[in-house]
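*Asks:* Going left to right, the sequence shown walks through residues 3 to 472 as the numbering used here numbers them.
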Amino acid sequence: MGVNAAHEPRTETPLTAPGEIVHTGAAEFPGLDSWRELPLKQQPDWRDHPDFSSACAELSSNPPLVFAGEVDKLKRRLALVANGEAFLLQGGDCAETFEDVTADKISAKVKTLLQMAVVLTYGASLPVVKMGRMAGQYAKPRSSDMETRGDVTLPSFRGEIVNGFDFTPETRIPDPKRMVQAYHKSAATLNLIRAFTEGGFADLRAVQQWNKGFMENPAHARYEQIAGEIDRAVRFMSACGVEFESLKRTEFYAAHEALLLDYERALTRIDSRTGQPYVTSGHFVWIGERTRDLDGAHVDYLSRVRNPLGVKLGPSTTPSTVLELIEKLDPEREPGRLTFIVRMGTANVREKLPALVEAVRDSGAKVVWVTDPMHGNTITAKNGYKTRRFDDVMDEVRGFFEVHQAAGTYPGGLHVEMTGDDVAECLGGSDVIDESAFDTRYESLVDPRLNHKQSLELAFLVAEQLTRVT
Ligand code: PEP
Ligand code: MN
């Protein structure tokens with residue numbers, strides 16, 4: 003700075019455009035650090051690591067991954083879902099990995115989600131809000147802090163944003179620099195998603211063409227009628243001269259579990275338009291089943307940011323907890339703010355969900371109800387791998403729809419762990435996967451995912467359910 007710097011003209015004009023987020027340094031806002039005094043679960047013990055402060059500082063000064071204007075737009079879309087005027091599809095890996103941030107893997111996932119969305123759009127005759135468990139789904143809750151193999155005990159794998167999967171001290175010791183790496187991997191993922199979904203890859207006619215590939219397999223013959231109807235609808239629109247330009251692009255949102263609060267805090271920014279804090283690590287974030295304690299750090303932190311939020315609800319959830327969650331996370335009853343992601347398991351959903359849905363309905367609160375038919379249906383295969391039966395997954399979806407029909411409420415969405423690849427991790431489906439395929443095609447480091455065909459088959463089955471309620 004020159005000696006005359008003090009005399010240089012200063013401008014008071016804000017440097018940010020409307021809807022942009024101020025992105026210099028950690029966001030300052032009353033209450034954003036209250037979570038630090040509260041019970042905090044599922045975090046690595048790394049505050050004393052020599053790289054902890056510099057990693058947080060670097061994240062704090064990096065540009066946001068998403069913008070407040072986009073986040074608000076998503077909230078408006080979710081308000082439509084809450085109102086029964088749209089359907090939400092959320093899908094992606096249980097845990098993303100750095101190695102899988104490749105064009106092929108990302109495009110296969112986006113492609114599968116777009117294919118599912120077309121089928122669901124037809125089934126619901128409503129717009130489908132598309133959201134990936136992508137570009138930030140790197141942190142995992144674990145049932146114990148440590149893992150023991152033989153006589154060696156090391157920290158559990160908590161997702162690649164914290165440590166590595168290999169069972170060696172070097173990889174298992176939590177490393178805060180991984181948060182910076184996860185940020186860059188998320189940026190690269192989001193960049194490709196934006197390019198795909200805004201650059202013509204989402205053209206309805208192309209997506210319909212991919213779905214025809216699925217129909218060529220005789221195992222999927224039972225979906226022929228609905229597939230034929232979608233095809234006729236697309237050809238009809240074409241014949242009418244529908245402007246396909248608008249169908250070449252689609253909105254696609256990024257979501258992840260907001261588990262690692264050091265990362266979320268460092269990526270929180272203040273929106274220049276409203277002066278309000280937003281988590282900018284993704285558009286939508288959710289609180290997991292294991293960290294949704296009413297007086298815990300996660301609920302407190304997320305109550306203070308303006309993003310649309312999800313909360314997972316397992317079979318032990320009581321109606322009073324659900325009402326208190328609404329009070330804490332959506333005190334203004336803002337449409338689209340709160341989504342409950344139900345993961346009860348097929349054995350529980352018909353018995354346990356009605357009381358929750360009725361309590362929310364009777365309170366007058368408007369939330370989005372989504373079914374996650376994966377996490378309550380995990381079993382252990384003979385070889386010790388985690389797996390899920392396709393039939394259980396489908397039956398939980400059916401139960402979820404039945405409960406909403408009985409309560410006169412709207413079943414607003416589907417949340418699945420899936421991939422676009424031909425893996426063998428979940429059992430069953432029309433093109434049957436059995437345990438013998440696990441030896442060569444089981445890739446997940448954490449929970450088992452539906453493969454490409456199973457995902458599409460689920461979409462067809464859910465579309466059948468939707469035609470009955472919409
Ligand atoms: C998950 O979504 O991968 C997860 C851990 O879910 P839940 O919090 O429902 O167990
Ligand atoms: Mn999972």
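Where is the CB? At the ideal position from N, CA and C, for every residue including glycine.
In terms of residues, what are the limits of the alpha helix (DSSP H) holding residue 107?
*Replies:* For the purposes of this step, residue 107 is identified with residue 105 of the sequence shown, where counting begins at 1. Here the alpha helix (DSSP H) through residue 107 covers 105-126.
*Asks:* From the DSSP output, which residues share a beta bridge with residue 279?
*Replies:* Taking the sequence shown and counting its residues from 1, one reaches residue 279 at position 277. Beta-bridge pairing links residue 279 to 272.
*Asks:* Is it buried or exposed, residue 179, if we count other Cβ atoms within 10 angstroms and call 16 or more buried?
*Replies:* Indexing the sequence shown from 1 puts residue 179 at position 177. When all chains shown are included, residue 179 counts as exposed.
*Asks:* Within the continuous alpha helix (DSSP H) that includes residue 257, where are the two ends?
*Replies:* Looking up residue 257 in the sequence shown gives position 255. No alpha helix (DSSP H) contains residue 257, which is instead part of the beta strand (DSSP E) from 255-259.
*Asks:* First and last residue of the alpha helix (DSSP H) that includes residue 300?
*Replies:* By one-based count along the sequence shown, residue 300 stands at place 298. Run containing residue 300: 299-305, per the alpha helix (DSSP H) assignment.
*Asks:* So the beta strand (DSSP E) residue 212 belongs to, where does it begin and stop?
*Replies:* The residue you call residue 212 lines up with position 210 of the sequence shown. Element bounds for residue 212: not the beta strand (DSSP E) but the alpha helix (DSSP H), 206-217.
*Asks:* Check for me: the beta strand (DSSP E) holding residue 342 runs from which residue to which?
*Replies:* Taking the first residue of the sequence shown as position 1, residue 342 is located at position 340. From DSSP, the beta strand (DSSP E) with residue 342 extends over 340-344.
*Asks:* Among the candidates 469, 44, 395, whose CA atom is the shortest distance from the CA of residue 344?
*Replies:* In the sequence shown, the residue the question calls residue 344 occupies position 342. If we check each option's Cα against that of residue 344, 395 comes out closest.
*Asks:* Can you list, in chain order, the residues of its chain with a C-beta nearer than 7 Å to that of residue 190? Leave out the 5 residues immediately preceding and following it.
*Replies:* For the purposes of this step, residue 190 is taken as the residue at position 188 of the sequence shown. 103, listed in sequence order.
*Asks:* In whole angstroms, what is the alpha-carbon distance linking residue 411 and residue 160?
*Replies:* Counted from its first residue, the sequence shown places residue 411 at position 409. Counted from its first residue, the sequence shown places residue 160 at position 158. Roughly 37 Å separates the two Cα atoms.
*Asks:* Look up residue 195 in the DSSP assignment and say whether it is helix, strand or coil.
*Replies:* Against the sequence shown, residue 195 aligns to sequence position 193. Note: residue 195 maps to helix in three-state DSSP.
*Asks:* Three Cβ pairs or more, each shorter than 8 Å: is that satisfied between the segment 77-93 and the segment 378-387?
*Replies:* no
*Asks:* Do residue 205 and residue 254 have their C-beta atoms closer together than 8 Å?
*Replies:* Here the question's residue 205 lines up with position 203 in the sequence shown. Here the question's residue 254 lines up with position 252 in the sequence shown. Against a cut-off of 8 Å, the Cβ pair of residue 254 and residue 205 comes out as no contact.
*Asks:* Tell me whether the segment 268-277 and the segment 54-64 touch, counting them as touching only if at least three CB pairs, one residue from each stretch, are closer than 8 Å.
*Replies:* yes
*Asks:* Report all residues for which the CB-ligand distance to some heavy atom of ligand 2 is below 7 Å; order them along the chain.
*Replies:* 96, 376, 377, 419, 448, 449
*Asks:* Beta strand (DSSP E) containing residue 157: first to last residue?
*Replies:* To locate residue 157, count along the sequence shown from 1; it is residue 155. It spans 154-157 - the beta strand (DSSP E) in which residue 157 sits, taken as one unbroken run.
*Asks:* By the three-class DSSP mapping on this structure, what secondary structure does residue 384 have?
*Replies:* Numbered from 1 along the sequence shown, position 382 holds the residue referred to as residue 384. Residue state, collapsed to three classes: coil.
*Asks:* Near residue 113, what residues of its chain come up, given a Cβ to Cβ distance below 7 Å and the 5 sequence neighbours on each side ignored?
*Replies:* Here residue 113 corresponds to residue number 111 of the sequence shown, with the count starting at 1. Correct list, in chain order: 212, 422.
*Asks:* Helix, strand or coil: how does DSSP classify residue 135 here?
*Replies:* Here residue 135 corresponds to residue number 133 of the sequence shown, with the count starting at 1. In this structure, residue 135 counts as strand in the three-state DSSP scheme.
*Asks:* Which value, in whole angstroms, describes the spacing of the CA atoms of residue 433 and residue 41?
*Replies:* By 1-based counting over the sequence shown, the position of residue 433 is 431. By 1-based counting over the sequence shown, the position of residue 41 is 39. Taking the straight line from one Cα to the other gives about 46 Å.
*Asks:* Does DSSP classify residue 67 as helix, strand or coil?
*Replies:* Looking up residue 67 in the sequence shown gives position 65. In this structure, residue 67 counts as coil in the three-state DSSP scheme.
*Asks:* For a test of the three-state rule: what should DSSP assign to residue 230, helix, strand or coil?
*Replies:* Translated into positions along the sequence shown, residue 230 becomes position 228. Residue 230 falls in the helix class under three-state DSSP.
*Asks:* Tell me whether residue 244 sits in a helix, a strand or coil according to DSSP, three-state version.
*Replies:* Counting from one through the sequence shown, the residue named residue 244 turns up at place 242. In the structure shown, residue 244 adopts coil according to DSSP, grouped into three states.
*Asks:* Within its chain, find whatever has a CB closer than 8 Å to the CB of residue 310; leave out the 5 residues flanking it on each side and keep chain order.
*Replies:* By one-based count along the sequence shown, residue 310 stands at place 308. So the qualifying residues of the chain are 73, 76, 77, 80, 285, 286, 338, 339, 340, 341.
*Asks:* Residue 420: buried (16+ other C-beta within 10 angstroms of its C-beta) or exposed?
*Replies:* As a first step, residue 420 is located in the sequence shown; it is residue number 418 there, counting from the start. Flag for residue 420 reads buried.
*Asks:* From what residue to what residue does the beta strand (DSSP E) around residue 370 run?
*Replies:* The residue given as residue 370 occupies position 368 in the sequence shown. Element bounds for residue 370: 370-373.
*Asks:* Compare the Cα-Cα distances from residue 308 to each of 297, 333, 322, 290 and report the closest residue.
*Replies:* Sequence index remark: in the sequence shown, residue 308 carries index 306 (1-based). Of 297, 333, 322, 290, the residue nearest in Cα terms is 333.
*Asks:* Run the CB neighbour count on residue 457, radius 10 Å, all protein chains shown included, and call it buried at 16 or more, exposed below.
*Replies:* Reading the sequence shown from its first residue, position 455 is the one you call residue 457. So residue 457 counts as buried.
*Asks:* Mind checking whether residue 357 and residue 325 have CB atoms under 8 Å apart?
*Replies:* Counting from one through the sequence shown, the residue named residue 357 turns up at place 355. Counting from one through the sequence shown, the residue named residue 325 turns up at place 323. No, the Cβ-Cβ distance between residue 357 and residue 325 is not below 8 Å.
*Asks:* Could you give the C-beta distance for residue 298 and residue 43, rounded to a whole number, given that I count them as a contact under 8 Å?
*Replies:* Numbered from its first residue, the sequence shown carries residue 298 at position 296. Numbered from its first residue, the sequence shown carries residue 43 at position 41. About 7 Å separates the two Cβ atoms, so the contact holds.
*Asks:* How about residue 304 and residue 256: do their beta carbons lie closer than 8 Å?
*Replies:* Numbered from its first residue, the sequence shown carries residue 304 at position 302. Numbered from its first residue, the sequence shown carries residue 256 at position 254. No, they are not a contact pair.
*Asks:* For residue 290, is the beta carbon positioned less than 7 Å from some heavy atom of ligand 1?
*Replies:* Working through the sequence shown from its first residue, we reach residue 290 at position 288. The answer is yes for residue 290.
*Asks:* Looking at residue 84: is its Cβ nearer than 8 Å to the Cβ of residue 129?
*Replies:* Here residue 84 refers to the residue found at position 82 of the sequence shown. Here residue 129 refers to the residue found at position 127 of the sequence shown. No; because the gap between Cβ atoms is not below 8 Å, this pair is not in contact.
*Asks:* For residue 158, which of 147, 384, 293 has the nearest alpha-carbon?
*Replies:* Counted from its first residue, the sequence shown places residue 158 at position 156. Checking every option, the nearest Cα to that of residue 158 belongs to 147.
*Asks:* Bridge partners of residue 313, per DSSP?
*Replies:* Here residue 313 corresponds to residue number 311 of the sequence shown, with the count starting at 1. Bridge partners of residue 313: 289, 342.
*Asks:* Can you tell which of 424, 327, 318, 431 has its C-alpha closest to the C-alpha of residue 346?
*Replies:* Sequence index remark: in the sequence shown, residue 346 carries index 344 (1-based). Checked all of 424, 327, 318, 431; the closest Cα to residue 346 is 318.
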